[in-house]
Every structure is written in structure tokens, then in C-alpha cells.
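The sequence shown begins at 587 in this note's numbering and counts up by one.
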Amino acid sequence: MAALLLALAPAMAATAADPPASSSAVDAAVRQGRWEELRRRALEEAVLLDPSSARTIGALAAAGATDAALAAARRSAPALRTTLLLSVAEQATQLPPRRRLDIVGEAGQSASAAGVLAQIGAGNAIAVALAYAHLGDDTEARQAWQRALAMAAATTPPVAASLVRRMAETSIGETTNATPEWLLAGLSREVTLLAAGADRGFAHLALAQAWRQRGAQAESLAQLEAAMSAGSSETRRADRQLVLKAAARIAVQWDMPEIALRQVDADALAIEFTAYHARHRDRALALKTLERIGSDGLYVSHRSSAMVAAVQETIARGDAGEAAFYIERFGELLPLTRVDLWVRLARLQAEQGARDSTARTLTQALAVIPDTPDPHASNRRDVATLLRLTRSLDELGRAAEARTAFAAAARQADYISLRRNDERAMSRIALARFCTARGDRRLAAAQLRQAWLEFHSPLATRPLPAVDRADVLLAFAEASGELAR
């Protein structure tokens, strides 16, 4: 595959803007069940469509075509090259660690290459530092961090502030062991050198979350307080409100309402306080707060968001009884939203060993499924919800009810408009992968064939951007690869 993709390379830039049509050869492969060929061709087409995407290049690397992925990354624009090389290093897990570190090193060199703006290079350098940390090379990680600081220092103060903010935000979401403590400590020092304002406030807020991920409560609280202080000093009202509200939301989520209410009115945090009161088993206050959302002219989605947040908080605390109370109480939620919440509750009950309660909860989920899906609202998230219900019923050994839930998932996919052929195809692909995992290869093949036909349907009047089309093709590649094994 690598050789083929390299041969295609000269045509990539010229064809990326024009989505290639489904060829008769690919159609024949789909009809005849040549799944390895479909995997290869879908991946090739995705690369042609979106040759400068970290997701696409990473998929190439994950599929074992490391040389092709590296070649595509090296052909990209200088500003993109570091990100694409890091994607190869991350996804090419089949390579020896030393080889992956070499790729990270190449990414580091491209971050400071001539022609790359300092603000882009500094942001890329911090990503290189984190990549080295992921792979266990602390020495190189520290050197990359120093290069990032030097690049940031070479810019103007406003640009430096936005860079430090980006560096801090990059550290959120990383695993505890992947973001070194020395790096967070260094960022915490750097942020204090910035002028007060929105960028500094958001940088403090990012560091508060990163420190909390490491379990460092004192450092986390100090950064949260600093975020509130920096935000309140912002002279632009809109930016000031953005920082303060973001910090206040986090404060409520962390059970620090007194900090939240210093700068933000409680009514502006109604969703967060509904969840807060539910988390603390105060039904009266949770419901009272929820009613305020419904009475002050906010959109219904805010009210639904508060209901979902309340249930999710009780489930996160392991409080099955409270979660059941709120799901039953919130009958105005969309049916499949309630199904999703019942399934989440059932997973909690199963983890707690409450088999009988799990069975009753799944029965309630089945009862909520609408007989006829809404063709205007059906989407792949609903299909995924019904597949999770199917899996839960399977695990309980309730085969007949699992078949009912799966049929509902397939029916939900049928009701997604062919004009939204990406949504419909992704739903079919999810059904196919689910069937493959269950060992039903015949049904998986049927769903994947149907997905391919619908994805290329002439009724799909909404032209898809190349990046979205590439995402669907990558999903085809993953699903057909599973069938080919």
C-alpha cells in the first residue's frame, strides 16, 4: 500500500478539491465482499481528499503504511508539517520506540524551520515536548520546552500571551503521566509574567484543570483563583465575561460555589447549579433551579442540558437511586435521550452487581423507544444509543430483547434522510462494526454494502466538504478492515 500511495502522491494536491466518484472496481469489491480491497481503496481515497489532515495521515500510519504517511507529512506546508509528523509518531505503534522518537525529533526540527511563524512554531514546540514525554524521553522533552519558551519570547507581548495560553490548554486532556509536573510548574511560572487579561485568565484556567488531573488540589485551586483575578482585570467586557463564566462553571463543578458566585450571578450558572444540587442529593433545590431555567426565556435546550447534567452527575457519584428519580421525573426529555440515560444507569447498576435492578432499568429503556423514529431528528448518535442498549441486553443474556433493540437501531438508521448521506453511512458503518464484534459477519457485510450504496446515492443533494467525506471513508476503512480479519 505504501508504494501505491507514494505513486499517487503527485496527484494528491490536484485532486483534493474534487471528491473522486466511486469507481466500478471499488463497487465490485463491495458487492463481492473483498473487504481488504475496500479497506485499501477507502484509505487511498481519503488521503487523496484530505492529504494534510492529522487524522488522515495518522490513519495511514496506524494501518502500517508508515513510509507513505511520512512522505505525505513531509510534502505538507511548513506550518502543518510538525503536527502531521507527530500524528505519525503517535499512531505508528508498530514501530520500535527509537524510531518513533526519531520522528518526533524530525517534527521538532520542522517546528523551528525557516518560514514558520514564531507563534505557530512555539505552539508546535510544546506539542513536541509532550510527544517526547509520552514516549519517555524526559531530556528531549525539556529541551523542546525551552525552545518553545524562546520562540514565545521572540514575539510581541499579546502574541506571547496567546501562546502561553495555547501551551497551557494543550496540557488539558493528557493522561496524568503524560504531562510532566515540571512542565506544568514551568507554565505556572510563565503565566505570572503575562499582563492581566483574557489570555492570562484562560491560561490559568487550563492549568487549574491540568493540575487537578494530577491530583494536585492546592495548585489547582491557586490557578482557579488566579483565573478569576486575571479575568476580572480584563477591560473588554465580552472577554471578561467569557473568562469569569468559564471559571465559575468549573468552580461549581468542583464543589466551590462560593468562588463561582464572587463574580457571576447564580442565574447565569443554572445548568451547573442544577447538577450541583443533584450531586449533593438536594432534590428540592435541583428542581427549583431547573424551574428558573424554564421561566426566564432561555431556549429549551438549556433546560434539557440541565436535566441531562443532573442525571449524569448522580451516575458519576454512583448514586443509582437518585439517577433513577431524575430520569423518571424528566419525562419531557426526548425519548432517545431518556434511553441513553437509562442505559448509562444500567451500566452503573451492573458495575455495582445489582443484576435485578439492571434488568428493570433496561426494560424501562426498551419501553421508551418510539415506534416510529422522527425523520427530521434521526441521527447517528441515536443509532449509537440503541446499539449500547443492545450490547447491555446481550450481556444480561436477554437475546430476544437485544434483537428488538438492534432492530430499533437499524430502523433509526433507515429514517436518516439520504440527503444527509454522511450521517446515514456512518450509522450503517456503526451497525456493521457492531455485528462484526458480535460474530455476525453476514449481517455486518450487508450493512456495510448498504452503507456504501447510500454514501454514493444520487439523492444525496448536499455536497460534502472533502474533509467530511474523508472522515466517512476512514470509517469505511476501519470497518472493512475488521471484516477482513
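Glycine included, each C-beta is placed from N, C-alpha and C at the ideal position. Every value quoted in this text rests on a predicted model; they were computed, and no experiment measured them.
Relative to the C-alpha of residue i, which candidate in the options has its C-alpha closest?
i	options	result
P1044	S1003, E1064 and T778	S1003
A717	R1019, A784, D785 and V690	V690
P682	L721, R1014, R974 and R620	L721
D688	L703, L672 and G650	L672
A953	A658, E937, T990 and A963	T990
V633	V616, S662 and R1035	S662
V1058	E776, L629 and L972	L629
A995	E981, L982 and R966	R966
A834	S819, R823 and D851	D851
G707	Q680, A727 and L749	L749
T976	Q839, R903, F1020 and Q935	F1020
E631	V612, A640, G619 and Q618	V612
R865	L934, R903 and A1052	R903
V969	G772, A936 and T923	T923
R686	D653, A699 and Q1033	D653
Q680	S696, A649, A699 and A697	A649
Quick one: give me the first and last residue of the alpha helix (DSSP H) that residue i is part of.
i	result
N566	No answer is possible for residue 566: the residues shown for the chain start at 587 and end at 1071.
G1025	Neither: G1025 is in no alpha helix (DSSP H) and is coded neither H nor E.
R924	P921 to E937
T990	A985 to D1000
R946	R941 to V954
P743	P743 to T756
F911	A906 to R915
E623	W621 to L635
R974	R966 to E981
D785	A784 to Q799
P548	Residue 548 cannot be examined here, being either before or after the span of the chain that is shown, 587 to 1071.
L651	The question names Leu, but residue 651 in the sequence shown is Ala. No alpha helix (DSSP H) holds A651; DSSP gives it neither H nor E.
P664	P664 to Q677
A812	Q803 to S818
P683	P683 to A697
L1045	Looking at the DSSP string, L1045 is not in any alpha helix (DSSP H), and its letter there is neither H nor E.
Which term fits residue i, buried or exposed, when burial requires 16 or more other beta carbons within 10 angstroms of its beta carbon?
i	result
W768	exposed
L779	exposed
S887	exposed
D882	Reliability of the predicted coordinates at D882 is poor, the pLDDT of 45 falling under 50, and the value obtained from them is presented with this limitation in mind. Exposed.
G801	exposed
Q938	exposed
T725	exposed
D942	exposed
A651	buried
P637	buried
E844	exposed
P766	buried
L793	buried
T756	buried
E820	buried
G817	buried
S610	exposed
G783	buried
D723	buried
With a CB to CB cut of under 6 Å and the five nearest residues on each side skipped, what residues in its chain are close to residue i?
i	result
A932	T944, T947, L948 and S978
E692	L671
W621	S1066, L1069 and A1070
R997	none
A647	A655, V674, Q677 and A678
A645	L1060
A837	I845 and A846
S774	L793
For residue i, which residues from the same chain have a beta carbon less than 7 Å from its beta carbon, with the 5 sequence-adjacent residues on both sides left out?
i	result
R752	G709
E1040	L1004, N1007, R1010, A1011 and R1014
W797	L770, E805, S806 and Q809
P743	A781
A730	G694, A711, V714, A715 and Y718
A736	none
V554	In this structure the chain extends from 587 to 1071, so residue 554 is not present and cannot be described.
A659	I643, R667, L670, L671 and V674
I758	A792, Q795 and A796
V616	L624, R1035 and W1038
D1054	D1008
Any heavy atom of the ligand SAM closer than 6 Å to the CB of residue i?
i	result
R1010	As for the ligand SAM, it is missing from this structure, which has no ligand bound.
Measuring only between beta-carbons, confirm whether residue i sits less than 7 Å from chain B.
i	result
L791	Here chain B cannot be found, since the structure has a single protein chain.
If I measure Cβ to Cβ from residue i and keep anything under 8 Å in the same chain, skipping five residues before and after, which residues do I get?
i	result
L703	A665
S891	I857
D785	P744, A747, S748, V750 and R751
L592	For L592, the predicted structure reports a pLDDT of 36, less than 50, and the residue's modelled location is therefore unreliable. The matter cannot be settled from this model.
* Is the region 953-967 touching the region 979-989 in the sense that three or more CB pairs, one from each, lie closer than 8 Å? -> no
* To do: Report yes or no: do three or more beta-carbon pairs, one from the region 864-883 and one from the region 823-831, lie closer than 8 Å?
  => no
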